[in-house]
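**Q** Be aware that the sequence shown starts at 128, since it is given in the numbering used here, and climbs by one per residue.
Heads up, the beta-carbon is just placed ideally off N, CA and C, and yes, glycines get one too.
Please read all numbers here as calculations on a predicted model, not as lab measurements.
Below you will find the structure I want to go over with you.
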Amino acid sequence: MKKFFRALVIIFGLVAIMAGFYMWQQNGFSFPIGRYDNTNNALGAPIYLFILGLALIAYGILFND
128 MKKFFRALVI
138 IFGLVAIMAG
148 FYMWQQNGFS
158 FPIGRYDNTN
168 NALGAPIYLF
178 ILGLALIAYG
188 ILFND
């Protein structure tokens, strides 16, 4: 059962990263240069999704008791 939950956590991490890439692609893969550069904060939410996905994958891999 623990292996199932570990696999689920890793899958959720991958889904979060894919959702981040999708949101970033919708914004045209633009990098915000400064704070007020009119790119509608193109990396705001995707960067949080990338971090969440990496954290979930790391949790699933490292904490395998």
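#1: Give the single residue among Gly147, Leu141, Arg133 whose Cα lies nearest to the Cα of Tyr175.
#2: Quick one: Cα of Ala134 to Cα of Tyr149, how far?
#3: Is the beta carbon of Leu141 closer than 9 Å to that of Ile184?
**A** The short version:
#1: Gly147
#2: 22 Å
#3: yes
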